[in-house]
Amino acid sequence: MCAMMIAVTGGKGGTGKSTIAVNLAAALAEDEDLLLADLDVEGPSDHVLLGTPLTDEEPINIMLPIVRYQACTRCGICAQVCDTGAIITSGDGLPVIIPRLCSGCRSCYLACPVNAIEEGMRTIGYTYRTKVPLDGDGRSLRLVTGMLREGEEHTPPAVIATRRRAFSERADIYVVDTAAGTSNTVSTAMDGAKLAITVTEPTPLGASDLDMILEVADRMGVEPWIVINRHGIGSDGLIEDVARRRGSRIVSRIPYSREMVDMYIRGRPIVLARPDSEPSVALRELAALIRGSA
Amino acid sequence: MPLEIAVASGKGGVGKSTVSSTIAIALSRAGRDVIAVDADADAPNLHLVLGVDRWDREIPHSGARVARVVDDLCTGCGACAQVCPYDAVRVLGDGRYWISPVLCEGCATCGLACPVKGAIVREEVTEGRIRVARTRYGFQLVSAALDPGRPNTGKLVTEEKDLARRMAGEDSVIVLDSAAGIGCQVVSSLAGSHIAVLVTEPTPAGFANMRRAHTLTKHFMMPAAVVINKFDLNPGVTSEIESYARENGMEVLGRIPYDDSVPRSMVMMMPHIEAFPDSEAAKALMGIGNRVVEIARDWKGWWFEHRPRKIEPYKPVIISPRRVKR
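Protein chains in written order, with this note's numbering: chain A, 1 to 294; chain B, 1 to 326.
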């Protein structure tokens, strides 16, 4: 089988993206060689929901320009090409780098006509790799997590570094958990996915953000599968309207359940801890649909 | 100077918009001039909570750039793909190169690496808009909408804040509903605000991400107060959050019980305190709103009392060129 990548996303925060990602991963890992990548680097929580500590830390380093002032001719080109305002020129024309604003794009390094910029690095976060044991006979799933350092603003490079670490390992199925929102933090995580599991909740807020993430999926050529989480708390009609307008399918409705909340708090995937509960049945059906689409 | 209150959380979906709308309404009912700002540009929701269905003003936001390969000039050398920090450059079946507009951040790197002059151009794109509406609760809302897949820019948030500041009077209060996460948009939301309200829920993930947002407020030397939503979900984690708040000199503004009328008020597109004013959650929310009204009366005193005791600025981790492995 050719490796398949599935992104779990949804637009609105707190709709259950991570819960569904870890449960799908746990269900699919019983029969498949699976890797789960937590690309919500601003607020990763898959390890929390799996009740596992993060291990095997590696820094995420991006390029940081360091000016060799003895070589600098004060031409100001570096500041002109910098797209993030990370280079300002002081009164005497010498460039000053503001590390926090630098995205590490290397434009200044390439543009400097006298090679007065050297390549330093800045650690913007960390990646982790954890082997998570599942119930039963020694089965486990692999988790790769990205974590942005507090105070760092450039999220996509951290997402890319985490993706690279995840995809450097072979697996049959990669499940990728994205951040909330619809910005390029999310599209960078979704890139290359065969399916986008778009998790929403039956409220106008869920519907509005779902509409935006379906637009992103459409632009990226990724097939969206809509999942209504907390089915029963609001009105499914709102989601059905969006699905109809966008020509997308609602593939699963996962009922609201207090048990799911309890398992969320205890750090145990419900499909393993309470296999007979209503949400587990719905999640396993969804996992089977995904397996069938491979 | 208008008071600026930023509502943040780290984790998404914990109730930021519900708390922000309550604070704005409570301040407005208390006679304050309020401007609400929805700073979650890539998933804006505050207008839905406040029942805004038309905008009085819409201002396009441009300035972002996207790189494009000029097909006739591209020699297919692939230098652009090698340097792109965002993995946005793709080789097509016929050997030509293409830059994905939903991945490109608009830096100049590919164009600088390209050996053919003019084969990569950067074009300005509209990346969103800023909108203003008067809500039925008497105050104005400034909201932004980012086009899907665009960089999650703090610039848009900064522009919204600038507009709100121009609309504000000396004694106004700006209530800013920030995005989830701790990235660019959240940093821009917190920068320059006076008070942070951190909304959390008693789950390990909610608490962990609230602490990450709290670290950011410390970078800005901002006092932060805490709201615990659905506090009865897990008394253990609730008391951990309360201990954390105590140890860090953060006031707990209130605790909101789990209440299944909250999603119903969302379906009605009404703030919870208006839709179900007698519910337990609404009473707790109004308690929080009224506490903020009190704080806002003499916010400088409150600020001084609750500001972080230690200066903990952001420190970049820098590796010098000598130590970078080639």
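Note that the Cβ used here is the ideal one computed from N, Cα and C, for glycine as well.
So, helix, strand or coil for residue i, using DSSP?
i	result
Pro374/B	This structure does not reach residue 374/B, given that chain B is present from 1 up to 326, and the question cannot be answered.
Gly125/A	strand
Val281/A	helix
Thr188/A	helix
Gly10/A	coil
Ser293/A	helix
Met1/A	Because Met1/A carries a pLDDT of 45, less than 50, the predicted location of this residue cannot be relied on, and the following value inherits that uncertainty. Note: Met1/A maps to coil in three-state DSSP.
Asn229/A	strand
Gly153/B	It is worth fixing the name first, because residue 153/B is Thr in this sequence and not Gly. Looking at Thr153/B - three-state DSSP - the assignment turns out to be coil, as it is neither helix nor strand.
Thr15/A	coil
Arg322/B	helix
Leu134/A	coil
Glu395/B	What is shown of chain B runs 1 to 326, which leaves residue 395/B out entirely.
Glu123/B	strand
Ile182/B	coil
Leu39/A	coil
Gly237/A	helix
Ala288/A	helix
Assuming residue i contacts residue j (C-beta within less than 8 Å), just tell me the rounded distance between them.
i	j	result
Ser189/B	Ala39/B	4 Å
Thr123/A	Gly13/B	Not really, about 29 Å apart at Cβ, beyond 8 Å.
Val41/A	Met147/A	6 Å
Arg134/B	Gln140/B	5 Å
Leu143/A	Asp38/A	7 Å
Val293/B	Ala26/B	5 Å
Glu160/B	Val37/B	5 Å
Thr153/B	Cys184/B	6 Å
Ser332/B	Ile66/A	Any answer about residue 332/B is impossible in this case: the structure gives chain B only from 1 up to 326.
Val255/B	Phe276/B	Residue 255/B is actually Arg in this sequence, not Val. With 8 Å as the limit, Arg255/B and Phe276/B do not qualify as a contact, their Cβ atoms being about 18 Å apart.
Ser335/B	Glu4/B	Because chain B in this structure spans residues 1 to 326, residue 335/B falls outside the shown range and cannot be described.
His61/B	Glu127/B	6 Å
Met221/B	Ile195/B	At roughly 12 Å, the Cβ-Cβ gap does not stay under 8 Å, so Met221/B and Ile195/B are not in contact.
Is the separation between the beta-carbon of residue i and that of residue j shorter than 8 Å?
i	j	result
Leu35/A	Ala287/A	no
Thr23/B	Ile174/B	It should be pointed out that residue 23/B corresponds to Ile in this sequence rather than to Thr. No; because the gap between Cβ atoms is not below 8 Å, this pair is not in contact.
Arg249/A	Leu214/A	no
Met212/A	Thr188/A	no
Ile290/A	Ser280/A	no
Cys104/B	Val69/B	no
His214/B	Gly249/B	no
Met5/A	Gly192/A	yes
Ala86/A	Ala116/A	no
Pro257/B	Ala284/B	yes
Pro316/B	Pro99/A	yes
Asn184/A	Gly10/B	no
Val199/B	Gly15/B	yes
Ser17/B	Leu46/B	yes
Thr200/A	Ala217/A	no
Asp177/B	Val7/B	yes
Asp209/A	Lys12/A	yes
Ala219/A	Val102/B	In the sequence on display, residue 219/A carries Arg and not Ala. Going by C-beta atoms, Arg219/A is nearer than 8 Å to Val102/B.
Ile182/B	Gly43/A	yes
Thr109/B	Cys102/A	no
Tyr97/B	Pro156/A	no
His219/B	Gly91/A	no
Val227/A	Ser257/A	no
Asp171/B	Asp33/B	yes
Taking 8 Å as the threshold (beta carbon to beta carbon), is residue i in contact with chain E?
i	result
Ile197/A	Given the protein chain composition of this structure (A and B), no chain E is represented.
Quiz prompt | alpha helix (DSSP H) runs wholly inside the region 281-315 of chain B, at least 4 long, in chain order | solution = 299-306
Quiz prompt | Unbroken stretches of the alpha helix (DSSP H), 4 residues or longer, contained in the region 41-115 of chain A | solution = 46-49, 77-81 and 107-111
Quiz item: Where are the alpha helix (DSSP H) runs, 4 residues long or more, that stay fully inside the region 146-180 of chain A, in chain order?
Solution: 155-167
Quiz item: Does the region 126-139 of chain A come close enough to the region 307-326 of chain B to have 3 or more Cβ pairs within less than 8 Å?
Solution: no
Exercise. May I have a chain-ordered list of the alpha helix (DSSP H) segments no shorter than 4 residues that lie completely inside the region 185-272 of chain B?
Key: 204-219, 235-247 and 261-267
Practice problem: Specify whether the region 45-64 of chain A and the region 234-245 of chain A touch according to this definition: at least 3 beta carbon pairs, one from each stretch, less than 8 Å apart. | Solution: no
Quiz prompt | Residue ranges of each beta strand (DSSP E) within the region 4-91 of chain B, 3 or longer | solution = 34-39, 57-61, 64-69 and 89-91
Self-check item: Length at least 4, wholly inside the region 190-222 of chain A: the alpha helix (DSSP H) runs in chain order
Solution: 204-220
Practice problem: Decide if the region 306-315 of chain B is in contact with the region 282-293 of chain B; the criterion is three or more beta carbon pairs, one per stretch, under 8 Å apart. | Solution: no
Practice problem: Evaluate contact between the region 202-218 of chain B and the region 232-251 of chain B, counting only Cβ atoms and requiring at least three cross-stretch pairs below 8 Å. | Solution: yes
Quiz item: Which whole runs of the alpha helix (DSSP H) in the region 93-117 of chain B are 4 residues long or more, in chain order?
Solution: 109-113
Quiz item: At a cut of 8 Å, does the region 70-83 of chain B reach the region 105-125 of chain B through at least three beta carbon pairs?
Solution: yes
Practice problem: May I ask you to verify whether the region 90-97 of chain B touches the region 170-181 of chain A, counting CB pairs closer than 8 Å and requiring at least 3? | Solution: no
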